[in-house]
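This report concerns only the one structure given below.
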Ligand code: FES
Ligand code: FES
């Protein structure tokens, strides 16, 4: 049992009111209809008693738990409240989950991304649950005049054994809301968890399958107008002039104007990425009318000139160069090939890599590349805003409200406390929704027209807006000695506008002579976080390369990796290695066992890959069969070590999603440019993985663990690129170096 | 503008709109049925799938005028509380991740099972080909369609 000081989330205990019948948290009546009512419980309580920001208990024992983080499909709206519920010691069937608004005074870290929700919420939520439980116990001890230590709890019932007294949490809730907050509370032992580690259904499942309004796109209110934007058709262009007479005269159109969202000298934070700060806006009554009017705009564009923007990053203030010019994919490729030949910034060097390559018996050098990727969340960018002189109400998809509120405040001229951001369920995020430019855009439009407005991007606006996964290239070099030991290893990675190298990750630490280098090129095409940033490319490159090195060494690819990990464990090179060699080896051994790696099956071609990112370890084996001359992914096995798994079935669902998404992006994902114009603007041109191309089955095995939980939304995604490439190599006897694989000359997966 | 008589989820009602307006936007903005989603607007993603006389169609490409007086079913019309066998199967398999594509997936699946109560994997894959899920829930959808097929045949 851990004693936990409650001070870590003191702010969670600020109360709006002890009797929070209609307090802040319930103010959003539009969502009231979507609130899940617990199974078999008909009556809502007459009064709610708030024990802290996360927990309210009704006099009838019904409990409202707040889901602090925005939901984009990773199921945090269910799994985070499960953590609260377990420590509070209640029956899950009496729980109502409500989505919290962005409210930094009351909730810690309302950010969904980087696979960190569970990891960083773990202590906070357990403490909040345990503290509320202790307050119920203390209040009951007073009421019954018995020592608090003698009171036990189970499923929302307080019990004093020697006197035989029992009471439900609901009966004691009003008293509990008035007792002092304990300084320290005891957290449960892992073996005492009753809810954590059991599969619970998505709390919004019924709302989703019945089509209830949940998403930003679905929002409406009295008097709300619709706005659409026109952004430049190419990176490197800006608005020169607008001829809007025709659009203005079309039915339903209220106004056409140009907005400037951020001033050029605005000091941005890392998530203020805004591709086009000047936009043409059409406002009208309905989406269809506005869409049509937008087509009638005649806009002249002109080229931008070189500029700098100032970004406040984690490493301090940085100046980012935005070059003028209309860039093309062919130009990018030529420049990248050139850069890849030159020495780059040394990120890490161990031993004497040059010497190792001089004395090597065998050397292997390979270059891998990947294109820009568009996020393509199924819900296009949108946001509702109603800005008045006093305040701003914002509702829309956002992974990181805390990163945009400052920009809203600065741009609108309102203090942060006057900006209320309500967190919509997101129709996908994948990193793109960490960038809140759409919130600023909607707010500026609302302020300008002085009315509530919902801004909606068309799919084309969304896909051609930028914030893409960068394009990358990496060259790997390995040196083997006469006994096929890996004596030297080099990686030189680059990209536009960032490099993908994680210098301290495996196989750093496992090779005596090691060199990692990185380079990057400026561009005016904006990029952003995309499911497992950088790892989503470098894992595929590295794990494909290791497969080829293992082959050259005449070793089984799993044994080869295990040997390296053994070295990293027993006698690590350098002191700064970003991984735990035991846990890494653990997932490889588990996937080896579960996939029956050593039993070869006729006509099944297998590839293996393993990667560590976002604090979790994953190994995958992917099986391909050939049907009608086409490779078909028959099965994927994954072994995952993410510590304790809070909600196993939901975790499995997300793991399956990461694998399917990874296969899709590896095979088809690609954005290209011609004179600054993104060449794909909708799903007829941008190929996404579809039903028939998904694996026929996926088996996910979690390592049994009592370690605090780590992330899951991202870690299953990066390794599958290489598992697929390595299996395709076995099937087709051709190594694949350039993504997307489907455009490789000899592999044709097109149906 | 024109007055168009509609029959949506068994309810007769009239809307006064541009007859070219896609059914998608009439449902979402005039009838307040927002379960039908906008994903691409060009019949390439399936998010907007509804039933027109029992057939799965993409409502983003269906002018409201051509749906006049025809029976339209949307996700909201499948059941009051999510107890249509396909919705139940979806809940049993806890299919959704973000959930945005799922109305369209369900509507396609319902139409498939109507025409083919016992589809094979290949038939499911081919019928559902037009419905994209970026979250990658395809395996669960396949499993849920099979569960629904079984429960419907009981
Ligand atoms: S919105 Fe109709 S198919 Fe995509
Ligand atoms: S569940 Fe997110 S797109 Fe399908």
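Chains as they are written, first to last, in our numbering: chain A, 2 to 752; chain B, 72 to 225.
Note that the Cβ used here is the ideal one computed from N, Cα and C, for glycine as well.
Distance cutoff 8 Å, beta carbons only. Does residue i sit that close to anything in chain A?
i, result
"residue 165/B", "yes"
"residue 211/B", "yes"
"residue 105/B", "yes"
"residue 222/B", "no"
"residue 90/B", "no"
"residue 158/B", "yes"
"residue 112/B", "yes"
Please classify residue i: is it buried, with 16 or more other beta-carbons within 10 angstroms of its beta-carbon, or exposed?
i, result
"residue 217/A", "buried"
"residue 602/A", "exposed"
"residue 120/B", "buried"
"residue 402/A", "buried"
"residue 72/B", "exposed"
"residue 174/B", "buried"
"residue 216/B", "buried"
"residue 671/A", "buried"
"residue 88/B", "buried"
"residue 212/B", "buried"
"residue 245/A", "buried"
Strictly under 8 Å for the Cβ-Cβ distance: is residue i near chain B by that measure?
i, result
"residue 363/A", "no"
"residue 380/A", "yes"
"residue 33/A", "Reliability of the predicted coordinates at residue 33/A is poor, the pLDDT of 35 falling under 50, and no value is obtained from them."
"residue 59/A", "no"
"residue 235/A", "no"
"residue 683/A", "yes"
"residue 693/A", "yes"
"residue 689/A", "yes"
"residue 742/A", "no"
Any heavy atom of ligand 1 closer than 7 Å to the CB of residue i?
i, result
"residue 117/B", "yes"
"residue 230/B", "Residue 230/B falls outside the range modelled here, since chain B spans only 72 to 225, and no answer is possible."
"residue 109/B", "yes"
"residue 106/B", "no"
"residue 434/A", "no"
"residue 429/A", "no"
"residue 127/B", "no"
"residue 112/B", "yes"
"residue 204/B", "no"
Can you list the residues of chain A that residue i reaches, using a CB-CB cut of under 8 Å?
i, result
"residue 143/B", "Per Cβ cutoff of 8 Å: no residues; residue 143/B is ~14 Å from chain A at best."
"residue 162/B", "202, 206, 207, 210"
"residue 115/B", "683, 684, 685"
"residue 207/B", "657, 658, 659, 660, 661, 662, 665, 690, 695"
Please list the partners that residue i has in chain B, where partner means a Cβ-to-Cβ separation under 8 Å.
i, result
"residue 215/A", "170"
"residue 73/A", "169"
Return yes when the C-beta of residue i is under 7 Å from any heavy atom of ligand 2, and no when it is not.
i, result
"residue 153/A", "no"
"residue 381/A", "no"
"residue 190/B", "no"
"residue 158/B", "no"
"residue 74/A", "yes"
"residue 460/A", "no"
"residue 173/B", "yes"
"residue 79/A", "no"
"residue 105/A", "no"
Along chain B, in chain order, which residues have C-beta atoms closer than 9 Å to that of residue i?
i, result
"residue 205/A", "167, 170"
"residue 699/A", "210"
"residue 218/A", "99, 105, 108, 109, 171"
Going along chain E in order, which residues have a C-beta closer than 8 Å to the C-beta of residue i?
i, result
"residue 655/A", "The structure shown contains no chain E; the protein chains it does contain are A and B."
Who are the neighbours of residue i on chain A, taking C-beta pairs under 7 Å?
i, result
"residue 118/B", "379"
"residue 153/B", "207, 210, 211"
(request) Can you give me, in chain order, the residues of the stretch 445-463 of chain A that have a beta carbon less than 7 Å from any beta carbon in chain B? (result) 459, 460
(message) For the stretch 418-433 of chain A, list every residue whose C-beta sits within 9 Å of some C-beta in chain B, in sequence order.
(response) 426, 427, 428, 429, 430, 431
(message) At a CB distance below 7 Å, what residues from the stretch 278-310 of chain A approach chain B? Give them in sequence order.
(response) 287, 288, 289
(message) For the stretch 190-204 of chain B, list every residue whose C-beta sits within 9 Å of some C-beta in chain A, in sequence order.
(response) 192, 193, 195, 196, 197, 198, 199, 200, 201, 202, 203, 204
(request) Could you please tell me which residues of the stretch 469-489 of chain A, in chain order, have their CB closer than 7 Å to any CB of chain B? (result) none
(request) Identify each residue in the stretch 539-554 of chain A for which the Cβ-Cβ distance to at least one residue of chain B is less than 8 Å, and report them in chain order. (result) none
(message) Taking beta-carbon pairs under 8 Å, can you tell me which members of the stretch 637-669 of chain A lie near chain B?
(response) 650, 651, 654, 655, 657, 658, 659, 660, 661, 662, 665
(request) With 8 Å as the C-beta to C-beta threshold (strictly closer), list the residues of the stretch 117-138 of chain B near chain A in chain order. (result) 118
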